[in-house]
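Taking our numbering, the leading residue of the sequence shown gets 3, the next gets one more, and so forth.
Using N, Cα and C, we set each Cβ at its ideal position, and we do this for glycine too.
Taking it in order: structure first as structure tokens, then the write-up.
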Amino acid sequence: MKKKFKLVRSRLLLPMDEKLGLSTRIEDGYVLTEGSLIKEVGKYESGIGERIIRECGDDLQVIGLEKEGGLVEGDIPCLDGVVLPGFIKAHGHDHESPIIGIAKDEPLTDWLDHAVNVFTGFLNENKDELTAEFGVSANLITYTKAKLDDIYYGITSALTHHCNFNKYHVAELVEANAEAGTKIMIAVGGQDRNYDPRILDTPEEAVKRLDDYTAEFGDRERTWILPGPDQVFSNSAEMIKVLKDWANAHGTLFHMHSSEEPGTTAWFYSQYLCSPVEYLNQAGALDENTILAHQVNNTDVDLVVLKETGTSIVHNPLANTILGSGMPPVMEMLELGIPVAISTDGSGSADSQNMLGAARMASQYQKAFHKDAHALPAQQVLEMVTVVPAKMLRLNAGSLSAGKDADLILIDLRRPNLTPTRIDNVVENLIWASDGSEVRWVIANGNILKDDYRFVTLDEEKIKGDIMKLSELLTEYRESHQEIKATGARQE
Ligand SMILES: [Zn+2]
């Protein structure tokens with residue numbers, strides 16, 4: 003039976019709380035949750051466990067303890083781990099995990115054509131056959147695998163940019179998230195030019211889709227719907243305006259890819275004599291409720307526009323480096339006060355949802371590029387995967403304090419690669435020594451999603467089996483289908 007209160011005590015605790023100071027590190031710390039919220043956070047001391055046992059009675063579950071009922075303070079284990087907020091992925095795609103390892107060593111537009119567009123086209127063309135084969139839609143299987151990946155790496159909230167054919171499959175994503183027990187913001191894709199003609203919308207169609215999804219899923223717990231036009235090159239100014247107006251009218255965020263690789267930026271200059279950011283600004287799309295993913299290619303004017311409009315940026319260093327897109331001027335953005343979160347992008351371009359790996363890459367690249375070892379220290383990049391994206395996505399999460407959502411993880415410090423970890427090097431080890439796989443417990447909204455490495459809400463073996471089968475069917479399809487050429491701006 004689910005217990006109302008959960009207590010986790012660990013050798014180290016990182017509350018990432020502004021009131022305590024974001025860099026506060028606690029030795030022998032505890033977090034007590036009540037329902038979906040955090041009730042107490044602090045340093046564990048003699049008598050605290052006894053009080054909690056007395057107050058919570060039989061409704062208390064102690065993490066890492068088999069025993070139930072008749073608890074005494076001496077039963078409460080101090081787990082050899084570090085507890086911190088669940089990671090918040092501010093930009094990702096949940097349709098890419100079956101295509102990891104496909105079309106590598108290719109730039110963005112080639113990779114889109116050879117991996118993403120082939121896969122989403124495959125799912126669309128073979129919808130009925132695949133549903134008959136698996137018993138449920140292949141989209142649902144794909145999205146559920148994405149949630150498995152998220153929980154594996156300790157991600158408790160995600161903004162999923164639901165692009166291309168996926169915009170027709172929001173119901174399955176809502177279902178996958180509900181089953182997983184995570185939080186999701188679904189940026190519903192849209193485009194009206196320079197893309198596969200089968201998925202082009204009119205602005206009216208794109209608005210109707212958002213209205214319909216909001217009516218159907220707007221009240222679901224842990225679920226938010228917002229406009230997420232795919233790319234600046236695939237959306238006209240008219241489409242962008244209409245969707246931003248919808249976001250303003252509904253009080254939602256607005257999310258989009260921007261300036262991801264140099265070719266697209268060059269195309270904007272040739273067509274419009276301005277950058278994608280200037281184009282977005284002219285369409286009225288930039289303000290403090292807009293979050294742009296990537297923003298790799300920046301002019302000096304872009305940086306001023308981003309700062310003046312209050313636009314936020316999500317930096318995806320794994321995808322940007324693997325695709326050879328380049329890297330955004332993160333240090334300049336931060337110096338100007340532009341909010342920057344770090345994320346993974348989809349599994350296909352990043353080939354992993356390892357948020358600590360993304361944080362490491364962000365820091366490592368900036369240190370090397372600027373020849374400055376002081377650039378982006380471990381504490382700062384850890385904030386950029388927790389508190390910063392929480393604020394950006396307006397979530398009551400990303401830090402551990404009373405009244406916040408009970409979204410937390412425990413990272414195992416018994417692993418050889420994390421030994422020795424002490425209070426003075428714990429944040430540094432998470433960024434530089436972790437491989438991302440040491441997430442031992444995941445709790446979200448007060449529910450256990452991963453219990454001593456075991457997935458609780460999702461059937462790991464079934465999902466992995468289905469995804470393996472799906473990838474085999476995709477391989478057959480890739481050998482026979484007609485090649486898609488020239489997605490995006492290159493069509494011009
Ligand atoms: Zn993306």
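**Asked** Between Ala295 and ligand 1, is the CB less than 6 Å from at least one heavy atom?
**Response** Position 293 of the sequence shown, counting from 1, holds the residue named residue 295. For ligand 1, at least one heavy atom lies less than 6 Å from the Cβ of Ala295.
**Request:** Using beta-carbon positions only, say whether Asp82 and Arg13 come within less than 7 Å of one another.
**Result:** Sequence index remark: in the sequence shown, residue 82 carries index 80 (1-based). Sequence index remark: in the sequence shown, residue 13 carries index 11 (1-based). Yes, the pair counts as a contact, with Cβ atoms nearer than the cut-off.
**Asked** Three or more beta-carbon pairs under 8 Å between the segment 144-153 and the segment 61-81, yes or no?
**Response** no
**Prompt:** So which of Met241, Asp221, Glu290, Gln366 has the shortest CA-CA distance to Glu207?
**Reply:** Here residue 207 is taken as the residue at index 205 of the sequence shown, counted from 1. Nearest C-alpha to Glu207: Met241.
**Message:** Residues in the same chain with beta-carbon distance under 6 Å from Thr254, minus the five sequence neighbours each way, listed in chain order, please.
**Reply:** In the sequence shown, the residue the question calls residue 254 occupies position 252. The answer, listed in chain order, is Leu228.
**Message:** What does DSSP give as the partner residue(s) for Asn431 in the beta ladder?
**Reply:** Against the sequence shown, residue 431 aligns to sequence position 429. DSSP output for Asn431 lists no bridge partner at all.
**Request:** Count the C-beta pairs between the segment 52-61 and the segment 425-440 that are closer than 8 Å, then say yes if the count reaches three, no if not.
**Result:** no
**Message:** Counting beta carbon pairs with one atom in the segment 180-195 and one in the segment 213-228, are three or more of them shorter than 8 Å?
**Reply:** The answer is yes - the segment 180-195 touches the segment 213-228, with three or more Cβ pairs under 8 Å.
**Prompt:** Just reading off the beta strand (DSSP E) that Thr266 is part of, what are its end residues?
**Reply:** By 1-based counting over the sequence shown, the position of residue 266 is 264. Taken as a continuous stretch (DSSP letters only), Thr266 belongs to no beta strand (DSSP E), being part of the alpha helix (DSSP H) at 264-274.
**Message:** Can you give me the C-alpha to C-alpha distance between Ser436 and Gly467, rounded to a whole angstrom?
**Reply:** The sequence position of residue 436 within the sequence shown is 434, counting from 1. The sequence position of residue 467 within the sequence shown is 465, counting from 1. Spanning the two alpha carbons is a distance of roughly 28 Å.
**Message:** I'd like to confirm something about Asp347: is its beta-carbon nearer than 6 Å to some heavy atom of ligand 3, or not?
**Reply:** Of the ligands one can find in the structure shown, namely ligand 1, none is ligand 3.
**Request:** Compute the distance between the beta-carbons of Gly71 and Gly448, then report whether it is under 7 Å.
**Result:** Numbered from its first residue, the sequence shown carries residue 71 at position 69. Numbered from its first residue, the sequence shown carries residue 448 at position 446. Result no, Cβ atoms of Gly71 and Gly448 do not sit closer than 7 Å.
**Item:** Exposed unless 16 or more other CB atoms sit within 10 angstroms - verdict on Lys452
**Value:** In the sequence shown, the residue the question calls residue 452 occupies position 450. Its Cβ being crowded by 16 or more others within 10 Å, Lys452 is buried.
**Prompt:** Going by beta carbon distance, what residues of the same chain come within less than 7 Å of His93, once the five residues before and after it are set aside?
**Reply:** Counted from its first residue, the sequence shown places residue 93 at position 91. Taken in chain order, the residues that qualify are Leu161, His163, Ala295, Val316, Asn318, Ser345, Asp347.
**Inter-residue Cα distance where the pair is Met333 and Val306** = Start at 1 with the first residue of the sequence shown, and residue 333 comes out as number 331. Start at 1 with the first residue of the sequence shown, and residue 306 comes out as number 304. Using only the alpha carbons, I get a separation of about 14 Å.
**Within 7 Å, strictly: CB atoms of Ser351 and Leu378** = Working through the sequence shown from its first residue, we reach residue 351 at position 349. Working through the sequence shown from its first residue, we reach residue 378 at position 376. No, these two residues do not count as a Cβ contact at 7 Å.
**Asked** Since Leu15 and Val85 are thought to touch, with beta carbons under 8 Å apart, how far apart are those beta carbons, to the nearest angstrom?
**Response** Locating residue 15 in the sequence shown gives position 13, counting from the first residue. Locating residue 85 in the sequence shown gives position 83, counting from the first residue. Confirmed, Cβ separation roughly 5 Å.
**Prompt:** Where does Val33 land, buried or exposed, given buried means 16+ other C-beta within 10 angstroms?
**Reply:** Indexing the sequence shown from 1 puts residue 33 at position 31. Counting Cβ neighbours within 10 Å, Val33 comes out buried, since at least 16 surround it.
**Prompt:** CB Phe89 to CB Ile157, shorter than 7 Å?
**Reply:** The residue you call residue 89 lines up with position 87 of the sequence shown. The residue you call residue 157 lines up with position 155 of the sequence shown. Yes; because the gap between Cβ atoms is below 7 Å, this pair is in contact.
**Message:** Looking at Val234: is its Cβ nearer than 7 Å to the Cβ of Pro278?
**Reply:** Residue mapping note: residue 234 aligns to position 232 of the sequence shown, counting from 1. Residue mapping note: residue 278 aligns to position 276 of the sequence shown, counting from 1. For Val234 and Pro278, yes; Cβs fall inside 7 Å.
**Request:** Mind checking which residues open and close the alpha helix (DSSP H) that includes Pro205?
**Result:** Translated into positions along the sequence shown, residue 205 becomes position 203. Start and end: 205-219.
**Request:** With a threshold of 16 other CB atoms inside 10 Å of the CB of Asn419, please say whether the residue is buried or exposed.
**Result:** The residue you call residue 419 lines up with position 417 of the sequence shown. Asn419 is exposed by the Cβ-count criterion.
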